[in-house]
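First comes the structure, then the notes that go with it.
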Amino acid sequence: MESHFSLVFFSFLTISIPILFKSPLVEAEDYAVGDSDGWTTGINYLEWSEKYNFTVGDTLVFKYVLNQHNVYQVTETTFRSCDASSGVISIHLSGNDRIELTEPTKYWFICNTKGHCKGGMRFGINVTATSGETPPPPSGETPPLPSDGSSSPPPPAPVTAPGGNAAAHGREMRWWLCAPVVLFDLVYW
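Numbering (mature numbering (1 follows the signal peptide of the UniProt record, and there is no 0)), first residue to last: -28 to -1, 1 to 161.
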């Protein structure tokens, strides 16, 4: 009787564990903005942001020289105009700012030090709910250059490159959760 119960119990576990873990477990990643260069002038942040697929729970780490730069999370309108007189969501000034990506949406960041945003110290990213979700398509045309005639780089397009984040390859981990139960079943059946 006891062996019959064990057989039924472990068969149930073998079937139910994959169902319980239907959605993949996701490990949040930390991303150093600008990689080893950090948050500074002269970096192509559009290129940097397109290398990765950002998901909810990931964290952006902005490292920069204190009092020379800052990080403003802003609305898209403020991002495009580089005018932080309105549309500021949050301000970070520590030189080692960590911003967790908590929602599947677009995020926009600028440096509000005079001339830095228009000089290219800005980027936007799409954050998806899971590593397997496809980001939304681009929102349309690139906006015109600022009316002051400066030659700031165009704002970034939404992230669309699949598999750009090498760290994402280790994200799906649900398979190993079933391995001990299956191994137990094989040994004791």
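Just so it is clear, CB atoms sit at the ideal spot from N, CA and C, and this is done for glycine as well.
Helix, strand or coil for L18? Go by DSSP, reduced to three states. Collapsing the DSSP output to three states places L18 in a helix.
Residues bridged to residue 234 [DSSP beta-bridge criterion]: In this structure the chain extends from -28 to 161, so residue 234 is not present and cannot be described.
Are the beta-carbon atoms belonging to R94 and Y17 less than 8 angstroms from one another? Closer than 8 angstroms, so yes.
Per-residue burial, E1 [other beta carbons within 10 Å of its own, 16 or more giving buried]: Taking every protein chain shown into account, the CB of E1 has 16 or more other CB atoms within 10 angstroms, so this residue is buried.
Own chain residues within Cβ distance below 8 angstroms of A101, not counting five before or after: Same-chain partners within the cutoff: T27, V28 and P76.
Which full runs of the alpha helix (DSSP H) of 4+ residues lie inside the segment 67 to 107, going along the chain? Inside the segment 67 to 107, DSSP marks no whole alpha helix (DSSP H) run of 4 or more residues.
Return the first residue and the last residue of the beta strand (DSSP E) that T31 is part of. Run containing T31: T31 to K35, per the beta strand (DSSP E) assignment.
Drop a sphere of 10 angstroms on the beta-carbon of L38, count the other beta-carbons inside from all chains shown, and report buried for 16 or more, exposed for fewer. So L38 ends up on the exposed side.
How about F81 and Y24: do their beta carbons lie closer than 8 angstroms? For F81 and Y24, no; Cβs fall outside 8 angstroms.
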